[in-house]
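Please read the structure below before turning to the comments.
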Amino acid sequence: MASAVDAVGEPIPTSAVLMSASKHIAGRCRGENIAFLKCKKDDPNPEKCLDKGSQVTRCVLSLLKDLHQKCTKEMDAYAGCMYYNTDEFELCRKQQKEFEKACPLN
Amino acid sequence: MEEEEVKDGTKAEEEEGELHLDFCLISQAEVDTSAQIRGNLRSSDFRFVQTSALSLQILVNFTEREGKSVTMTEASIRNKPGMASVKDMPLLQDGPPPGGFAPVRYARRIPSKGPSAVAIFLAAFGTFSWGMYQVGKGNKIRRAIKEEKYAARRAILPMLQAEEDERFVNEWRKYLEEEARIMKDVPGWKVGESVYHSGRWMPPATGELRPEVW
């Protein structure tokens with residue numbers, strides 16, 4: 001993986017990037033996530049939950065873009081460490097601390 | 107003791123300053139003629155004679171007894187004044203020194219000092235409890251690490267499922283179009299009809315391999 005952003009400059013939602021931003025996603029996109037999961041529980045048919053799913057996708061992608069704009073270097077370092085260590089939090093504590101200092105969880 | 111001896115053929119050899127003694131039987135006649143050997147004997151040579159006197163009988167000249175040569179036999183070595191026969195010879199044995207050996211203590215003296223049974227039990231119980239406390243602390247830390255991983259997975263699960271749903275719906279629509287094209291001439295065919303009667307939506311079980319996905 002060369003970098004965490006594609007040609008336009010938006011972060012690609014790979015597993016490393018998503019795991020490094022997971023705490024922010026759990027905080028900021030909480031409502032959309034819960035709504036989508038509820039819809040899925042009632043009816044597992046994907047066509048029925050397409051709108052809620054697109055809400056989730058929009059929320060997460062905008063959050064990633066926002067995080068990347070605010071603290072580019074720290075996020076790139078953290079996502080790179082996660083990519084190298086296959087999403088092990090224990091091995092990336094240093095980068096995690098710096099990332100959360102630059103972009104706090106609020 | 108004079109004895110009839112038979113010449114064996116081997117002789118004691120003399121070297122400069124020392125005498126090499128062989129196990130040999132020398133006749134009395136030879137004894138008298140070997141005056142040189144006699145003159146060269148030293149007291150240190152008798153060591154060899156006396157240690158082997160018990161097992162071998164070595165006949166050597168010496169000129170000490172009353173100016174005439176006597177054969178050295180067991181009786182002449184272990185002589186006791188007033189000895190009537192060989193049977194009265196004093197014993198030549200290994201034994202304790204005069205006065206005997208020093209007394210040796212062989213009684214057991216196990217000391218009864220040190221920690222009591224209660225103290226040992228409390229120490230063991232205390233060590234065990236402290237160890238279990240450490241185990242519990244470590245388990246808490248490990249559980250926290252696992253919880254962090256599961257929470258991260260829970261947070262990104264809806265995003266991943268939503269993306270997959272979008273991709274699936276597009277693929278499924280393409281598939282339904284294909285099915286409609288194939289089955290357009292079959293009367294009473296409902297395109298995309300579920301094969302189950304439960305009413306729930308079930309994922310397609312076509313069993314096909316899709317290497318571009320997997």
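Listed in order, the protein sequences are those of chains A and B. For the first sequence, position 25 (counting from the first letter as 1) is numbered 25 according to the numbering used here, and the numbering increases by one without interruption. For the second sequence, position 168 (counting from the first letter as 1) is numbered 274 according to the numbering used here, and the numbering increases by one without interruption. Backbone N, C-alpha and C fix where the C-beta goes; we use that ideal spot for every residue, glycine too. Predicted model, so just to flag it, every value in this text is computed and none were measured.
Residue i - DSSP class collapsed to helix/strand/coil
i	result
residue 56 (chain A)	helix
residue 241 (chain B)	helix
residue 192 (chain B)	helix
residue 8 (chain A)	coil
residue 49 (chain A)	helix
residue 319 (chain B)	coil
residue 201 (chain B)	coil
residue 185 (chain B)	coil
residue 103 (chain A)	coil
residue 86 (chain A)	coil
residue 17 (chain A)	helix
residue 314 (chain B)	coil
residue 179 (chain B)	coil
residue 308 (chain B)	coil
residue 303 (chain B)	coil
residue 29 (chain A)	coil
residue 81 (chain A)	helix
residue 207 (chain B)	coil
residue 71 (chain A)	coil
residue 76 (chain A)	helix
residue 42 (chain A)	helix
Close-in-space but distant-in-sequence residues of the same chain around residue i (CB under 8 angstroms, 5 per side omitted)
i	result
residue 4 (chain A)	11, 12, 14, 16, 17, 68, 75, 76, 79 and 80
residue 300 (chain B)	307 and 308
residue 6 (chain A)	12
residue 221 (chain B)	229
Residue from the options with nearest C-alpha to residue i
i	options	result
residue 305 (chain B)	A:36, A:42, A:34 and A:91	A:42
residue 264 (chain B)	A:49, A:88, A:100 and A:82	A:49
residue 37 (chain A)	B:289, B:249 and B:271	B:271
residue 286 (chain B)	B:298, B:269 and B:248	B:298
residue 93 (chain A)	A:103, A:102 and A:82	A:82
residue 316 (chain B)	B:282, B:293 and B:274	B:274
residue 30 (chain A)	B:258, B:241 and B:200	B:258
residue 194 (chain B)	B:203, B:212, B:181 and B:224	B:181
Other residues of its chain near residue i: CB distance less than 6 angstroms, five sequence neighbours each side excluded
i	result
residue 20 (chain A)	78, 79 and 82
residue 91 (chain A)	85
residue 310 (chain B)	none
Contact set for residue i: own chain, Cβ-Cβ below 7 angstroms, skip 5 residues either direction
i	result
residue 22 (chain A)	none
residue 292 (chain B)	none
residue 303 (chain B)	none
residue 256 (chain B)	none
residue 25 (chain A)	60 and 63
residue 295 (chain B)	289
> Going along the region 48 to 64 of chain A in order, which residues come within less than 9 angstroms of chain B, judged by CB to CB distance?
Replying inline: 48, 49, 50, 52, 53, 54, 55, 56, 57, 59, 60 and 61
> When you check each C-beta in the region 274 to 298 of chain B against every C-beta of chain A, which residues fall closer than 7 angstroms?
Replying inline: 274 and 275
> Using a beta-carbon distance cut-off of less than 9 angstroms, what residues from the region 246 to 269 of chain B approach chain A?
Replying inline: Answer in chain order: 251, 254, 255, 257, 258, 259, 260, 261, 262, 263, 264, 265, 266, 267, 268 and 269.
>> Please list, in chain order, the residues of the region 296 to 317 of chain B that have any C-beta partner in chain A closer than 9 angstroms.
In response: 306, 307, 308 and 309
> For the region 209 to 297 of chain B, which segments carrying the alpha helix (DSSP H) assignment without a break, of at least 4 residues, lie completely within its bounds, in sequence order?
Replying inline: The region 209 to 297 of chain B contains these whole alpha helix (DSSP H) runs: 223 to 288.
> Using a beta-carbon distance cut-off of less than 9 angstroms, what residues from the region 81 to 104 of chain A approach chain B?
Replying inline: Near chain B, meaning a CB-to-CB distance below 9 angstroms, the residues of the region 81 to 104 of chain A are 87, 88, 89 and 90.
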